[in-house]
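In the working numbering, the protein residues as written are 51 to 408.
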């Protein structure tokens, strides 16, 4: 079992957890780790996963292949509850097929008489009329819901569905000390957690890289590149690394296996520049100087709530505020009071599990 696993539970209710697990995405791993920490220790867990071996090894739970609906339905037959665990599963920006998958799964759970819980969920994006109809229908199948943001709650409320609103569940991830930091970033490193986005063209990426080059040269700092989603982010960061090395910078890749290794490994870092929501959250919880590059309203909302210096890449002035935001980011530190407020709001996520799962 990896350092994110569960202790051996007493026999109890079997719960089917559905999410984007086993995608080699530290954000989804952090969601699963948080959910497992909040479930009663007596629960027996089965998680849908793309890379089942990774999830079994890292978290110590049983799995079934998410891409095989028949096997997921068989797991549902054996389960006592279905939990859609974090993220934004009810959306059609990936594909309408993905949304239909979850609608059918929720309907099957209701026909089997299983409680359906939407835990710490986001709602949307829903770009089509059909997508909105399917999502609205699926919410009717849920016995319990908690939302991770005000926008999702407002959309559901407009459909007549009211539920408690917390913050992203990962703000409640319990800390664990990781003994081995040998493979982590060097002291003073600039850590880049970037992802592809259509909001930046080639000139935009060069502007970001030039800011890294200027700061790294001035401080004689190495650069650490951390692909949060291995498949999606690595090609972009490899291309960035090649250009940074051509400018004479020392660059190395860092691939922490768990959210705790990521947080602990950031201890010596001088600045984190993050784009993905959970990279922002985990870096903030690690209390490191942090700049958020927002490609999505949920990243903007998280940065605003925690007073994290940020740049909204969708704004008309683009990266013009970058130098000033960069310097403010180097002075940023986590507010314990703000973090405590987030965790207090997130108690609704734990209460939902306590109501339905024993």
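Glycine included, C-beta positions come from ideal geometry on N, C-alpha and C.
Residue i, DSSP secondary structure in three states
{"i": "residue 308", "result": "coil"}
{"i": "residue 325", "result": "coil"}
{"i": "residue 319", "result": "coil"}
{"i": "residue 77", "result": "helix"}
{"i": "residue 303", "result": "strand"}
{"i": "residue 382", "result": "coil"}
{"i": "residue 52", "result": "With a pLDDT of 47 at residue 52, under the threshold of 50, the predicted position of this residue should be treated as unreliable, though the coordinate-derived value follows. Coil."}
{"i": "residue 356", "result": "coil"}
{"i": "residue 43", "result": "Only positions 51 to 408 of the chain appear in this structure, which leaves residue 43 out of reach."}
{"i": "residue 219", "result": "helix"}
{"i": "residue 362", "result": "strand"}
{"i": "residue 166", "result": "strand"}
{"i": "residue 117", "result": "coil"}
{"i": "residue 330", "result": "helix"}
{"i": "residue 138", "result": "strand"}
Same chain, Cβ closer than 8 Å to residue i, five either side skipped, listed in chain order
{"i": "residue 178", "result": "142, 146"}
{"i": "residue 89", "result": "65, 95, 403, 407"}
Beta-carbon proximity of residue i to residue j, cut-off 8 Å
{"i": "residue 169", "j": "residue 403", "result": "yes"}
{"i": "residue 81", "j": "residue 135", "result": "yes"}
{"i": "residue 376", "j": "residue 358", "result": "no"}
{"i": "residue 330", "j": "residue 364", "result": "no"}
{"i": "residue 224", "j": "residue 87", "result": "yes"}
{"i": "residue 149", "j": "residue 181", "result": "yes"}
{"i": "residue 137", "j": "residue 172", "result": "yes"}
{"i": "residue 309", "j": "residue 101", "result": "no"}
{"i": "residue 318", "j": "residue 238", "result": "yes"}
{"i": "residue 76", "j": "residue 328", "result": "yes"}
{"i": "residue 348", "j": "residue 199", "result": "yes"}
{"i": "residue 228", "j": "residue 311", "result": "yes"}
Cβ-based burial, residue i [other Cβ within 10 Å; buried from 16]
{"i": "residue 408", "result": "exposed"}
{"i": "residue 217", "result": "buried"}
{"i": "residue 386", "result": "exposed"}
{"i": "residue 259", "result": "buried"}
{"i": "residue 117", "result": "exposed"}
{"i": "residue 196", "result": "buried"}
{"i": "residue 144", "result": "exposed"}
{"i": "residue 60", "result": "Reliability of the predicted coordinates at residue 60 is poor, the pLDDT of 38 falling under 50, and the value obtained from them is presented with this limitation in mind. Label assigned to residue 60: exposed."}
{"i": "residue 268", "result": "exposed"}
{"i": "residue 108", "result": "buried"}
Closest by C-alpha distance to residue i, when choosing among the options
{"i": "residue 213", "options": "286, 384, 167", "result": "167"}
{"i": "residue 392", "options": "222, 284, 125, 120", "result": "222"}
{"i": "residue 340", "options": "347, 315, 380", "result": "380"}
{"i": "residue 284", "options": "74, 155, 93, 62", "result": "74"}
{"i": "residue 201", "options": "351, 397, 295", "result": "351"}
{"i": "residue 409", "options": "127, 233, 68, 255", "result": "This structure gives no information on residue 409, because the portion of the chain shown stretches from 51 to 408."}
{"i": "residue 320", "options": "219, 297, 242", "result": "242"}
{"i": "residue 322", "options": "370, 307, 266", "result": "266"}
{"i": "residue 98", "options": "119, 84, 91", "result": "119"}
{"i": "residue 302", "options": "127, 291, 312, 348", "result": "291"}
{"i": "residue 405", "options": "314, 278, 165, 255", "result": "165"}
{"i": "residue 111", "options": "128, 333, 93, 121", "result": "93"}
{"i": "residue 207", "options": "220, 191, 186, 226", "result": "186"}
{"i": "residue 370", "options": "257, 236, 228", "result": "257"}
{"i": "residue 333", "options": "104, 228, 220, 361", "result": "220"}
{"i": "residue 250", "options": "91, 397, 366", "result": "366"}
Contact set for residue i: own chain, Cβ-Cβ below 6 Å, skip 5 residues either direction
{"i": "residue 139", "result": "152"}
{"i": "residue 378", "result": "359"}
{"i": "residue 299", "result": "266, 273"}
{"i": "residue 85", "result": "135"}
Nonlocal neighbours in the same chain, by C-beta distance under 7 Å from residue i, ignoring five residues either side
{"i": "residue 123", "result": "158"}
{"i": "residue 127", "result": "162"}
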